[in-house]
Structure formats: structure tokens, C-alpha cells
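Q: The sequence shown begins at 23 in this note's numbering and counts up one residue at a time. Note that the Cβ used here is the ideal one computed from N, Cα and C, for glycine as well. As the structure is a computational prediction, the values presented were derived from the model and not from experiment. I'd like to ask some things about the structure below.
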Amino acid sequence: MHGLALLFALTLLAFPPPAQAVTPDIVTRDTQANMRECRSAGGRPSLRPEYETTADLNGDGRTDTIIDLSGLNCDGAASFFCGSAGCPLTVYLSGSGAYRAKPLGHVQGWELDRSTNLPALVLSLHGSACGRAGAEGCLRRLAWNGRDLVATVRGGGGRSATSPDQPSASAPSGWSLRPVSGRSPVAVVAGPGQIANLALLCQQGRAIAAVTFRQPPPASSATLRFSDGRQRVDVFFTEMRGGGSAWYADLAASSLPTLLLQRDTPLSLAIDNTLQGQLPRQGAGQALRQALSPCLRLR
Numbered sequence: 023m024h025g026l027a028l029l030f031a032l033t034l035l036a037f038p039p040p041a042q043a044v045t046p047d048i049v050t051r052d053t054q055a056n057m058r059e060c061r062s063a064g065g066r067p068s069l070r071p072e073y074e075t076t077a078d079l080n081g082d083g084r085t086d087t088i089i090d091l092s093g094l095n096c097d098g099a100a101s102f103f104c105g106s107a108g109c110p111l112t113v114y115l116s117g118s119g120a121y122r123a124k125p126l127g128h129v130q131g132w133e134l135d136r137s138t139n140l141p142a143l144v145l146s147l148h149g150s151a152c153g154r155a156g157a158e159g160c161l162r163r164l165a166w167n168g169r170d171l172v173a174t175v176r177g178g179g180g181r182s183a184t185s186p187d188q189p190s191a192s193a194p195s196g197w198s199l200r201p202v203s204g205r206s207p208v209a210v211v212a213g214p215g216q217i218a219n220l221a222l223l224c225q226q227g228r229a230i231a232a233v234t235f236r237q238p239p240p241a242s243s244a245t246l247r248f249s250d251g252r253q254r255v256d257v258f259f260t261e262m263r264g265g266g267s268a269w270y271a272d273l274a275a276s277s278l279p280t281l282l283l284q285r286d287t288p289l290s291l292a293i294d295n296t297l298q299g300q301l302p303r304q305g306a307g308q309a310l311r312q313a314l315s316p317c318l319r320l321r
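Set out below in C-alpha cells:
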């Protein structure tokens with residue numbers, strides 16, 4: 023148990039702690055205004071969990087906020103905000119200055135697609151928003167193009183296809199080496215989708231992988247699949263009690279380090295068969311050899 027506690031302490035040193043989501047002032051003001059409007063219509067407002075969702079949509083490292091008025095329960099005036107076209111959805115995007123609101127109109131439903139480097143919004147719309155009859159709805163996909171959230175189409179290979187004047191979001195940076203006082207260093211890389219960071223390190227003579235999640239899986243274990251199209255490696259991670267968002271895997275019998283060293287091209291990465299995006303291999307050679315040299319022989 024002492025070894026696991028030490029491993030967790032090392033992982034905290036290796037990973038920057040996940041940023042705590044702070045509700046932007048503009049979101050607080052608009053929420054208060056929405057609740058006042060509900061009361062003015064004779065309703066009693068209360069917020070459900072789906073009212074506010076956070077995600078980094080523009081890749082600047084700051085949390086963006088998605089406000090869905092279907093999550094505002096206006097008891098006594100239930101149809102005040104929503105109708106057959108759905109409910110208003112607004113995204114509050116971070117920037118160099120204050121957050122800015124981007125209203126997306128009424129949607130009948132929506133979800134986050136985390137299979138790309140940056141999450142994309144997939145909106146379910148009333149037919150009138152698509153030039154169709156009301157019952158013939160459509161899907162609209164919005165993704166960050168370097169300047170704004172714009173409509174895109176799903177391209178080949180699971181990527182978002184955008185027009186030439188809409189540059190795609192940059193991929194995560196490569197591997198780096200984090201020093202740890204009195205210990206061998208830790209190799210760390212930023213991950214895609216729900217994976218915040220992946221680290222490889224030595225602990226008590228064994229090679230260990232540690233991963234932190236932006237939103238941990240619902241179960242206490244998860245299989246991460248790494249693939250380059252020709253070969254794949256499955257790594258079974260388990261949650262350590264009291265370990266927050268950090269999960270661990272023993273790499274004693276795993277070929278993951280070898281796969282990471284083979285090329286500089288990215289790997290596809292999935293959690294329990296759900297694709298998260300691409301994991302860089304750039305810089306893995308130097309970082310892994312230094313981090314794992316005390317416990318693993320690498321070619």
C-alpha cells in the first residue's frame with residue numbers, strides 16, 4: 023500500500039492538476055436572467071445537472087461552458103423556453119479576454135463527440151432549421167476551426183472535414199520528461215478526448231503506466247487500446263482508491279513501450295472501444311528511454 027501511495031504522489035508531481043472549472047461571470051449573469059424570466063412567466067425555476075456542461079472546445083486549455091435550457095426546470099411554465107424545435111443552447115467560449123456567448127438556437131438534442139483532438143458538438147435540429155419539414159430533422163456538427171465553432175461534415179478516417187480556409191485544430195504536443203526529486207524522471211504526454219495525460223514511469227523496479235481522465239469512466243477499471251493500424255496493444259487500467267482521476271496499469275508483460283518507440287506517427291487511442299482521438303509518439307523515444315531505463319530494457 024505504501025508503494026501505491028508513493029506512486030500516486032509521483033503521478034501528482036508528473037501531471038499538472040486538472041484545472042478546476044470556474045463558472046464564468048457571464049454564465050452566472052445569464053443563468054440569473056433565465057431564472058428571472060421563468061419567474062416572470064409564473065414558474066418556479068430549478069437547475070438540473072444537464073443545464074451546464076463544460077469542455078475545452080477551442081483547445082486553449084481553459085474550460086468552455088455549454089448551457090442547455092432543457093436543464094432549467096421552469097415548474098408551472100414548462101413551455102416558456104422550449105417548444106417543438108427544442109430548447110435554446112448557448113456556448114460560452116474562452117478567449118484572450120472575457121468569455122463570449124455564442125447562441126446556437128433551438129436544438130432537440132445534442133452530444134459531444136470526443137473522438138477528435140478537440141471535442142465537437144453534434145446538434146439534433148428541427149426540420150425547419152435544415153430546410154425540411156419539421157418532422158424531418160437533421161444533425162449539424164460544430165467544431166473549432168482555429169477562429170470559431172463552425173459547421174463541418176464528417177470526413178473519411180473519422181476526422182472532421184473542413185473547407186480550406188478553416189484550418190483544423192492542432193494535434194496535442196509530443197512527449198516530455200518531468201524530473202522528480204530523488205527518483206528517475208517521468209515520461210508524460212497530453213492525451214485526446216477524455217484522456218488528460220498519460221505517463222510512463224518506474225516504481226519499485228517495475229514499469230508503470232498512469233493516466234488521468236478529464237472525466238473518469240463509470241466503472242473502476244478500463245481498457246485503453248493503442249493502435250497504429252497494423253498492430254494494437256490493450257492495457258488494462260484500474261482506479262486506485264483515493265487516487266482522484268489517476269488510474270494505473272502494470273506494464274511488466276505489456277508491449278506498449280515498444281509500440282510507442284516504433285515510429286513518430288500518432289496512435290489511435292480508445293477507452294473500452296470508444297475512440298478518443300490520436301496520441302502523439304513524437305519525442306517518445308528519448309523520454310521513455312530515460313524514464314524507464316531503471317526498470318525496463320528498451321531497444
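1) Given residue 309, which residues of its chain have a CB within under 7 Å of its CB, disregarding the five upstream and five downstream residues?
2) Quick one: what's residue 132 bridged to in DSSP?
3) Judging by CA-CA distance, which residue of 242, 280, 285 and 115 is the nearest neighbour of residue 293?
4) In whole angstroms, what separates the C-alpha of residue 219 from that of residue 98?
5) Rank 272, 113 and 245 by C-alpha distance to the C-alpha of residue 224 and give the top, closest one.
6) How would you label residue 153, buried or exposed, when you count the other beta carbons within 10 angstroms and need 16 or more for buried?
7) Quick check on the burial criterion: 16 or more other C-beta atoms within 10 angstroms. Buried or exposed for residue 298?
8) Mapping DSSP to helix, strand and coil, what is residue 332?
9) Considering only the beta carbon of each residue, do residue 204 and residue 317 sit closer than 7 Å?
10) Any idea which residues DSSP pairs residue 3 with across the strands?
11) Within 10 angstroms of its Cβ, does residue 54 collect 16 or more other Cβ (buried), or is it exposed?
12) With C-beta atoms as the reference, is residue 290 less than 7 Å away from residue 255?
13) Identify whether residue 56 lies in helix, strand or coil by the three-state DSSP scheme.
14) For residue 161, write down the residues that DSSP places opposite it in a beta bridge.
15) Roughly how many angstroms lie between the CA atoms of residue 296 and residue 269, to the nearest whole one?
16) Check whether the Cβ atoms of residue 211 and residue 71 lie closer than 7 Å to each other.
17) Measure the alpha-carbon distance for residue 249 versus residue 159 and round it to whole angstroms.
18) Shortest alpha-carbon distance to residue 61 belongs to which of 103, 115 and 46?
19) Quick one: using the 10 Å Cβ neighbour count with 16 as the cut-off for buried, is residue 253 buried or exposed?
20) Would residue 109 and residue 92 be called neighbours here (beta carbons separated by less than 7 Å)?
21) Check whether the Cβ atoms of residue 300 and residue 207 lie closer than 7 Å to each other.
22) Give the straight-line distance between the Cα atoms of residue 239 and residue 128, rounded to the nearest whole angstrom.
23) Does DSSP put residue 125 in a helix, a strand or coil?
24) Rounding to the nearest angstrom, what Cα-Cα distance links residue 319 and residue 280 in this structure?
25) Going by the DSSP bridge assignment, what does residue 72 pair with across the sheet?
26) DSSP three-state call for residue 288: helix, strand or coil?
27) With 16 as the cutoff for other CB atoms within 10 Å, does residue 67 come out buried or exposed?
28) Leaving aside the five residues before and after residue 63 along the sequence, list all residues of the same chain whose C-beta is less than 6 Å from its C-beta, in chain order.
A: The short version:
1) 197, 198, 199 and 209
2) 145
3) 242
4) 45 Å
5) 272
6) exposed
7) buried
8) Examination of residue 332 is not possible in this model, given that the chain is present from 23 through 321 alone.
9) no
10) Any answer about residue 3 is impossible in this case: the structure gives the chain only from 23 up to 321.
11) exposed
12) no
13) helix
14) 146
15) 17 Å
16) no
17) 36 Å
18) 103
19) exposed
20) yes
21) no
22) 30 Å
23) strand
24) 10 Å
25) None; residue 72 has no bridge partner.
26) coil
27) buried
28) 99 and 102
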